[in-house]
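A.B. asks: One structure, pasted below without further comment.
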Amino acid sequence: MNRRKIIEENIFKFLSGFATYSLIAILAFIIIIIFVKGFNSLSLDMVIKTPKGGYYYGGEGGVLNAIIGSLDIAFGATFIAILIGMPAALYINVHLIRYKRIQNTIRYLLDALWGIPSIVYGAFGFTLMLFFGMNASLIAGIITIALLITPIVVRTFDEVLSTIPIGLYEATLALGSTKTETAFKIMFKQGFSGFITAVLLAFGRGIGDAASVLFTAGYTDLIPLYLNEPAATLPLAIFFQLGSPIPEVRERAFAAAAILTIIILIISLTARYLSKRYSKSNLK
Amino acid sequence: MYLQNSETMTKQAPDITLKPKVTSIVKINNLNVHVGQHHILKNINLEITKNKITVLLGPSGCGKTTLLKCLNKLTDLYTELRVSGKIFIEEDDILNTQKNVPVIRQKMGLLSQLPYPLPISIYKNVAYGIKLKGVRDKKLIEYNVEKYLREVGLWNEVKDRLHNSPTSLSIGQQQRLCLARGLAVKPRIILADEPTSSLDPISSKIIENLFRKLKKNYTIILVTHVLRQAVRLADNVVFMYYGEIIEQGHSKDLFKNPKTEKLREYMLEGN
Ligand SMILES: Nc1ncnc2c1ncn2[C@@H]1O[C@H](COP(=O)(O)OP(=O)(O)O)[C@@H](O)[C@H]1O
Ligand SMILES: [Mg+2]
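Chains as they are written, first to last, in our numbering: chain A, -1 to 282; chain B, 745 to 1015.
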C-alpha cells in the first residue's frame, strides 16, 4: 500500500515535471530558432530605418515603419481596452454581485467573443470602415484590435476579481462605501495583479495579431503620422517577408520576429516592475 | 467562574430595572427572512438596549449572522434572501426608508468572523472611513487614525509600520485593526459576528476586554455560540434556535433560571 503510493507519487511527479519542462523547452526552442535564423539580419538598420526602394528584394532599409505602427496600434488599442474593460470587470463583480444569472450570461458572451478568430474581427472592422467611408488607417487598426482584446481584459481581470472573498465586500460596504467606491478604491486594488496580467495578455495578443489588421490598418513603408494614415505592423512585415523567394528577405522576417519578441519582453517586464512600484506606493 | 461573573453583573442590574423606560436603540418588529421554502428567521421581535452588550447566542446555523446582516442591510447583497418586517434604528425604519444605505450602515461598525483588512496600508485602513465621512484635513485624519488605533490598543504595536500592509499583522492584530477602522466611522452600534472564533485565547481576551470598555460609548451586539463568552460579556442575552428567539432577558436571570428546555440543554452541553 505504502509502496504503491510512493510509486504513484513518483510517476505523477515525473509526468507533471515532464509537462512543465517540455513547455519551457518548446518556448526556448522557438526563441532560439527565431534568433538564430534572424541573427545575420538583426542589425541597427533594422530598427532605425524604414524600407528603402528594393528592400523587399534584399535592398537596404529596416522595419521601423512596422515597429512604430505596431506600437501605435497596440498601445492605442490597449488603452481603449483598459478604458472599457476595467470598469466593465469591476461593474460585473461589484454592481452585479446580487445578480448571479446576469453575471454568468455576460461571462458566457465574453468568452464567446474571446473565442472568435481574429480574421472575423478584421472583417467586421473592414465592414465598419466601409460603412463610415474610411480607408485602411491607424485608427481603424486601433479600433479593430481594441474590439479583439477588450474581452480579454474584461474576462482575465474578472476571473481574479471573482475570487475575492465576499467578506471583503461586506466589510467595505459596512464602512459606508458606495458600490462605486467599493469597486474603484478597494476591489481594483485587491485585484490589481490580475489587472496587470489582463493588460499584458491583451497587449501581447494585440501586438501579435496579423489577421485583424490586414484590411483595417493596411500596410505602408512610411511611418504613420496621423490617425487616418495607413500603418504597417510587425506581424504583417513578417508575413510579407517570409513569403519571399529570396533567402535574405526570409532571414529578415526572423529578425522582425525577434524584434517583436524583444518588444513584448520589454513591455511585460516594465509593466511588472511598475505594478510592483504601484502596489508599494499604495501602502504609503 | 459562572458565579463570579453573575456577581459582578448584579452591580449593573438595578441600573436597568429601576429605570421606568429602557432606552433602546434598535427595535425589531416581526422580522422574517426566507430563502426559497426555507424560513431562516421566524417572527423576530427584539429591542436592543443602548450602551449594553447584547449577546445573540445559539448553535451554528440558527440565523445569528443573518440577523446581524439584516441590521446593516448586508442582506441586500443576496438576492435569494427575502426580508420582511420592520427594523428601527434610532427611530428610522431602515427596511422602508428613503435614506441612503451607506449613511445607515455608518451607524454600525461590523466585525466579522475573519478580519478582512482593506488592501491598503495599516494607516489607510483606518483613514479610509474617516475620509468617507468627508474629512479632508490631513492633520485631523492623522489625529483620528492615532486616536482609534490607541482605542483598540494597537498604536504601540504598529506605530513604526503604519505604511506596511496589514497582512504583516497577526490575525488578532488584524481583527483589532478592523475594529479601529469601524470605530473611525463613528458608529453608534458595534455588530460583532463571532469576532474571536478565529483568534488565539490571548487575542480573544484582548477583544473581550475592549468590548467591556467600549460599551460606555457604544451599543454592542455580539454574536457567539460560545456559552462561556456569553456569560463573561453579556448584559442581555438573546437565545436563538432554528431561526426563532426562544428566550431573552438579563444575562444573570437567564443563565440562573433558564425557562426553556432548549436553553437548559445548551447550557449543559456548553459547560
Ligand atoms: N444566502 C443564503 N442562501 C441560502 N441559505 C442561507 C443563506 N444565508 C443563510 N442561509 C441559511 O440560513 C441559516 C442560518 O444561517 P446563519 O445566519 O449564517 O446562521 P449562524 O450565523 O447562526 O450560524 C442556515 O441554515 C444557512 O444555511
Ligand atoms: Mg454565523
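Beta carbons: idealized from backbone N, C-alpha and C, even for Gly.
Note that the structure is a prediction, hence the values are computed from the model and not measured.
Where A/Ala79 and A/Leu62 are concerned, what is the direct C-alpha to C-alpha distance, given to the nearest angstrom?
C.D. replies: Distance from the CA atom of A/Ala79 to the CA atom of A/Leu62, rounded to whole angstroms, is 25 angstroms.
A.B. asks: Please confirm whether A/Thr176 has its beta-carbon closer than 7 angstroms to some beta-carbon of chain B.
C.D. replies: yes
A.B. asks: Mapping the DSSP letters down to three states, classify B/Val975 as helix, strand or coil.
C.D. replies: helix
A.B. asks: Note down, in chain order, all residues in the segment 155 to 171 of chain A with a beta-carbon under 9 angstroms from any beta-carbon belonging to chain B.
C.D. replies: Pro163, Ile164, Gly165, Leu166, Tyr167, Glu168, Ala169, Thr170 and Leu171
A.B. asks: By Cβ distance, which residues of its chain are closer than 8 angstroms to A/Met84, with the 5 residues on each side in sequence left out?
C.D. replies: Val151, Phe155, Phe186 and Phe193
A.B. asks: Using the Cα positions of B/Ile784 and B/Val799, report the straight-line distance between them to the nearest angstrom.
C.D. replies: 19 angstroms
A.B. asks: With DSSP run on the structure shown, which of helix, strand or coil describes B/Gln992?
C.D. replies: strand
A.B. asks: Between which two residues does the beta strand (DSSP E) harbouring B/Thr963 extend?
C.D. replies: Thr963 to Thr968
A.B. asks: Starting from A/Tyr89, find everything on chain B with Cβ-Cβ shorter than 7 angstroms and list it in chain order.
C.D. replies: In chain order: nothing, as chain B lies at least about 15 angstroms away.
A.B. asks: Whole angstroms is fine: what's the gap from B/Leu818's alpha carbon to A/Glu168's?
C.D. replies: Per the coordinates, the alpha-carbon of B/Leu818 lies some 7 angstroms from the alpha-carbon of A/Glu168.
A.B. asks: Can you tell which of A/Ile140, A/Ala256 and A/Ile29 has the C-alpha that lies nearest to the C-alpha of A/Gly216?
C.D. replies: The option with the nearest alpha carbon to A/Gly216 is A/Ile140.
A.B. asks: Can you tell me whether B/Ser828 sits near ligand 1, meaning its C-beta is under 6 angstroms from at least one heavy atom of the ligand?
C.D. replies: no
A.B. asks: Output the residue ranges of the beta strand (DSSP E) runs that lie fully inside the segment 896 to 971 of chain B and measure 3 residues or longer, sorted by chain position.
C.D. replies: Runs found: 933 to 937 and 963 to 968.
A.B. asks: With 7 angstroms as the C-beta to C-beta threshold (strictly closer), list the residues of the segment 96 to 124 of chain A near chain B in chain order.
C.D. replies: Arg96 and Tyr97
A.B. asks: Counting only Cβ pairs nearer than 8 angstroms, list the residues of chain A close to B/Gly807.
C.D. replies: Near B/Gly807 there are no residues of chain A at all, since even the closest Cβ is about 17 angstroms away, more than 8 angstroms.
A.B. asks: Compare the Cα-Cα distances from B/Tyr872 to each of A/Ser175, A/Arg153 and A/Ile95 and report the closest residue.
C.D. replies: With distances taken between Cα atoms, B/Tyr872 lies closest to A/Ser175.
A.B. asks: By how many angstroms is the C-alpha of B/Gln842 removed from the C-alpha of A/Ala208?
C.D. replies: 55 angstroms
A.B. asks: Please name the residue in B/Gly805, B/Ile788, B/Lys851 and B/Thr809 whose C-alpha comes closest to that of B/Ile769.
C.D. replies: Closest by C-alpha distance to B/Ile769, out of B/Gly805, B/Ile788, B/Lys851 and B/Thr809, is B/Lys851.
A.B. asks: Which residues share a DSSP beta bridge with B/Arg826?
C.D. replies: B/His778
A.B. asks: Evaluate the contact criterion for the segment 863 to 872 of chain B versus the segment 909 to 922 of chain B: three or more CB pairs, one atom per stretch, below 8 angstroms.
C.D. replies: yes
A.B. asks: Does any CB atom of chain A fall closer than 7 angstroms to the CB of B/Gln842?
C.D. replies: Not a single C-beta of chain A is nearer than 7 angstroms to the C-beta of B/Gln842.
A.B. asks: Is it right to say A/Asp109 is buried, meaning 16 or more other beta carbons lie within 10 angstroms of its own, or is it exposed?
C.D. replies: exposed
A.B. asks: Please identify the residue among A/Ala134, A/Ile236 and A/Lys47 whose C-alpha is closest to the C-alpha of A/Tyr224.
C.D. replies: The option with the nearest alpha carbon to A/Tyr224 is A/Ala134.
A.B. asks: What are the residues that DSSP puts in a beta bridge with B/Asp836?
C.D. replies: B/Ile833
A.B. asks: When you compare only the Cα positions, how much space is there between B/Asn774 and A/Val158?
C.D. replies: 40 angstroms
A.B. asks: So, is the C-beta of A/Ile184 closer than 7 angstroms to a C-beta in chain B?
C.D. replies: yes
A.B. asks: Just to make sure I have the definition right: I need the residues of chain B whose C-beta is within less than 9 angstroms of the C-beta of A/Leu173. Which are they?
C.D. replies: Pro846, Arg849, Gln850, Gly853, Leu854, Leu862, Tyr872, Gly873, Leu876, Arg925, Gly926, Ala928 and Val929
A.B. asks: Please report the distance separating the alpha-carbon of A/Arg248 from that of A/Ser242.
C.D. replies: 6 angstroms
A.B. asks: Can you check DSSP and say which residues form a bridge with B/Glu791?
C.D. replies: B/Lys771
A.B. asks: Consider the C-beta atom of B/Thr694 and the heavy atoms of ligand 1; say whether any pair is separated by less than 6 angstroms.
C.D. replies: No answer is possible for residue 694 of chain B: the residues shown for chain B start at 745 and end at 1015.
A.B. asks: Check whether the Cβ of B/Cys806 sits closer than 6 angstroms to any heavy atom of ligand 1, and report yes or no.
C.D. replies: Yes, the Cβ of B/Cys806 comes within 6 angstroms of a heavy atom of ligand 1.
A.B. asks: Leaving out the 5 sequence neighbours to the left and right, which residues in its chain are closer than 7 angstroms to B/Pro758 when beta-carbon positions are compared?
C.D. replies: Confidence is the limiting factor: at B/Pro758 the pLDDT is only 46, short of 50, which leaves the residue's position unreliable and the question unanswerable from this model.
A.B. asks: Against A/Lys187, what residues of chain B qualify as contacts under a CB-to-CB distance less than 9 angstroms, listed in chain order?
C.D. replies: Neighbours of A/Lys187 on chain B, chain order: Leu862, Pro863 and Ile864.
A.B. asks: Given the structure, does A/Ala180 come close to ligand 1, in the sense that its CB is under 6 angstroms from one of the ligand's heavy atoms?
C.D. replies: The identity of residue 180 of chain A in the sequence shown is Thr, whereas the question assumes Ala. Incorrect: A/Thr180 has no Cβ contact closer than 6 angstroms to ligand 1.
A.B. asks: Please determine whether the Cβ atom of A/Tyr259 lies at a distance below 6 angstroms from any heavy atom of ligand 2.
C.D. replies: One detail in the question is off: residue 259 of chain A reads as Thr in this sequence, not Tyr. No, the beta carbon of A/Thr259 sits no closer than 6 angstroms to any heavy atom of ligand 2.
A.B. asks: Assign A/Thr180 to one of three DSSP states: helix, strand, or coil.
C.D. replies: helix
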